[in-house]
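Asks: One structure, as structure tokens, below. Some questions next.
Protein chains: 2
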Amino acid sequence: MNEELNNEDIQIVDEEKVSRVRETLPNDELIFDLAELFKVFGDSTRMKIICALLEEELCVGDIACITNSTASAISHQLRVLKQSKLVKYRKEGKTVYYSLDDDHVKQIFEKGREHIEEI
Amino acid sequence: MNEELNNEDIQIVDEEKVSRVRETLPNDELIFDLAELFKVFGDSTRMKIICALLEEELCVGDIACITNSTASAISHQLRVLKQSKLVKYRKEGKTVYYSLDDDHVKQIFEKGREHIEEI
DNA sequence: TGAATATATGAACAATTATTCAAATATTCA
DNA sequence: TGAATATTTGAATAATTGTTCATATATTCA
Numbered sequence: 001m002n003e004e005l006n007n008e009d010i011q012i013v014d015e016e017k018v019s020r021v022r023e024t025l026p027n028d029e030l031i032f033d034l035a036e037l038f039k040v041f042g043d044s045t046r047m048k049i050i051c052a053l054l055e056e057e058l059c060v061g062d063i064a065c066i067t068n069s070t071a072s073a074i075s076h077q078l079r080v081l082k083q084s085k086l087v088k089y090r091k092e093g094k095t096v097y098y099s100l101d102d103d104h105v106k107q108i109f110e111k112g113r114e115h116i117e118e119i
Numbered sequence: 001m002n003e004e005l006n007n008e009d010i011q012i013v014d015e016e017k018v019s020r021v022r023e024t025l026p027n028d029e030l031i032f033d034l035a036e037l038f039k040v041f042g043d044s045t046r047m048k049i050i051c052a053l054l055e056e057e058l059c060v061g062d063i064a065c066i067t068n069s070t071a072s073a074i075s076h077q078l079r080v081l082k083q084s085k086l087v088k089y090r091k092e093g094k095t096v097y098y099s100l101d102d103d104h105v106k107q108i109f110e111k112g113r114e115h116i117e118e119i
């Protein structure tokens, strides 16, 4: 029996191991959300913004200046960071001040740095 | 003085704050490397591979089966994970077993999960 | 109100990248 | 050696995405 399950597309796998590991996987939504979160950290411009905000609250113009970028490019990227709840903002007149939303950003950043620096 | 520094392209910024924060920024290479590292976490397929390997060492075929992907696609992605020193491997006959290279992977994963789950 | 400043936004373009498919290696075993 | 299995690799395609540019919105102040 079970012959009909085999064809040239199906590999010979450790069925027991496969189903065991499969059950431990987080659901697809969490996997997707995690990938989306890390994607946000996966760009040099955004990483620079994060590094700058690790120091202190900054407005768009100052971030643009610090990162040698344009206010428009920074604004686009801050939007991405905002959507991922990595930064929050407050308005003061014409100026919008951004800051990191919670301590996870710093923790994720530090873990990444540890990995890089220990290679 | 200093008039010649101003034109329509230069914003009015907090010079003191800008240079202070600029000096605290990691160098461009570290920023780039960090972004490259997180980019690797920023893909659902690779995130699934990482989740599976958090459980135990697995061969390419089993990972493909667990993640509902092809061995070729998984092999391509394992190459990316290998280049970032996130996974290591050992050969046993025809089979290549992959596992996570160090504990940072788990720590980064957990910090990401915490952020997601606390929103 | 109108000018000046700060930020945001939408469309377009260029660049990056994940998957697929076909083919190449590598290894075991009859 | 030759067939079978496991993995890798390279090229091509399709989709995603970061920046730019022009423009829009919001706010202050004379």
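Top line first, the protein sequences correspond to chains A and B. Count the first sequence with our numbering and you get residues 1 to 119, in order. Count the second sequence with our numbering and you get residues 1 to 119, in order. Glycine residues also receive a C-beta, built at the ideal position from the N, C-alpha and C atoms. The model shown is predicted, which means the values in this text are computed figures rather than measured ones.
1. Please name the residue, chosen from L37(B), F38(B), E36(B) and I50(B), that lies closest to I74(B) on a Cα-to-Cα basis.
2. Excluding sequence positions up to five away, which residues of its chain have a Cβ less than 7 Å from the Cβ of M47(B)?
3. Around the Cβ of E117(A), are there at least 16 other Cβ atoms within 10 angstroms (buried) or fewer (exposed)?
4. Determine contact between the stretch 93 to 111 of chain B and the stretch 56 to 69 of chain A, defined as no fewer than three beta-carbon pairs at a distance below 8 Å.
5. Leaving out five residues before and five after A64(B) in sequence, what residues of the same chain have Cβ atoms less than 7 Å from its Cβ?
6. What residues of chain A sit near H146(B), judged by a beta carbon separation below 7 Å?
7. Count the other CB atoms within 10 Å of the CB of Q77(A); is the residue buried (16 or more) or exposed (fewer)?
8. With V40(B) as the anchor, note down where its alpha helix (DSSP H) starts and where it stops.
9. For L30(A) versus S84(A), is the C-beta spacing smaller than 8 Å?
10. What residue from D33(A), T24(A) and G61(A) has the CA that sits closest to D14(B)'s CA?
11. Going straight from the alpha carbon of V105(A) to that of E23(A), what length do you get?
12. Between V21(A) and I66(B), which are expected to be in contact by the criterion C-beta below 8 Å, what is the C-beta distance as a whole number of angstroms?
13. On a CA-only basis, which of S44(A), T45(A), D43(A) and L34(A) is nearest D43(B)? Give me that one, please.
14. My output table needs one value for V21(B): the three-state DSSP class, helix, strand or coil.
15. Any beta carbon from chain A within less than 8 Å of G93(B)'s own beta carbon?
16. With 8 Å as the threshold, decide whether the Cβ of L37(B) is near any Cβ in chain A.
17. Which residue spans inside the stretch 30 to 106 of chain B form an unbroken beta strand (DSSP E) run of at least 3?
18. May I have the straight-line CA-CA distance separating P26(B) from L81(A), to the nearest angstrom?
Replies: According to the structure shown:
1. To locate residue 74(B), count along the second sequence from 1; it is residue 74. Of the candidates L37(B), F38(B), E36(B) and I50(B), I50(B) places its Cα closest to the Cα of I74(B).
2. Taking the second sequence and counting its residues from 1, the one referred to as residue 47(B) is at position 47. Residues F41 of the same chain have their beta carbon placed closer than 7 Å to that of M47(B), with the five preceding and five following residues left out of the count.
3. Reading the first sequence from its first residue, position 117 is the one you call residue 117(A). Using a 10 angstroms sphere on the CB of E117(A), the tally of other CB atoms stays under 16, which defines it as exposed.
4. No: fewer than three Cβ pairs fall under 8 Å.
5. The sequence position of residue 64(B) within the second sequence is 64, counting from 1. If we look at A64(B) and ignore the five residues flanking it on each side, its Cβ neighbours are T70, A71 and I74.
6. The requested residue 146(B) does not occur in the structure, where chain B is confined to residues 1 to 119.
7. Translated into the one-based positions of the first sequence, residue 77(A) becomes position 77. Under this definition Q77(A) is a buried residue.
8. Within the second sequence, numbered from 1, the residue matching residue 40(B) stands at position 40. Residue range D28 to F41 is occupied by the alpha helix (DSSP H) that includes V40(B).
9. Taking the first sequence and counting its residues from 1, the one referred to as residue 30(A) is at position 30. Taking the first sequence and counting its residues from 1, the one referred to as residue 84(A) is at position 84. Remark: C-beta atoms of L30(A) and S84(A) do not approach each other more closely than 8 Å.
10. If you number the second sequence from 1, residue 14(B) lands on position 14. Considering only alpha carbons, the answer is G61(A).
11. Position 105 of the first sequence, counted from the start, is the residue given in the question as residue 105(A). Position 23 of the first sequence, counted from the start, is the residue given in the question as residue 23(A). Rounded to the nearest angstrom, the gap between the Cα atoms of V105(A) and E23(A) is 29 Å.
12. Counting from 1 along the first sequence, the entry for residue 21(A) is found at position 21. Counting from 1 along the second sequence, the entry for residue 66(B) is found at position 66. Distance from V21(A) to I66(B) at the Cβ level is roughly 5 Å; contact confirmed, criterion being Cβ atoms closer than 8 Å.
13. Walking along the second sequence from the start, residue 43(B) turns up at place 43. Measuring from the Cα of D43(B), the nearest candidate turns out to be L34(A).
14. Here the question's residue 21(B) lines up with position 21 in the second sequence. DSSP, reduced to helix, strand and coil, places V21(B) within a helical segment of the structure shown.
15. Position 93 of the second sequence, counted from the first residue, corresponds to residue 93(B). Not a single CB atom of chain A sits nearer than 8 Å to the CB of G93(B).
16. Translated into the one-based positions of the second sequence, residue 37(B) becomes position 37. By this cut-off, L37(B) is an interface position.
17. If we require 3 residues or more, the beta strand (DSSP E) runs fully inside the stretch 30 to 106 of chain B come out as 87 to 92 and 95 to 100.
18. Indexing the second sequence from 1 puts residue 26(B) at position 26. Indexing the first sequence from 1 puts residue 81(A) at position 81. The straight-line gap from Cα to Cα measures roughly 20 Å.
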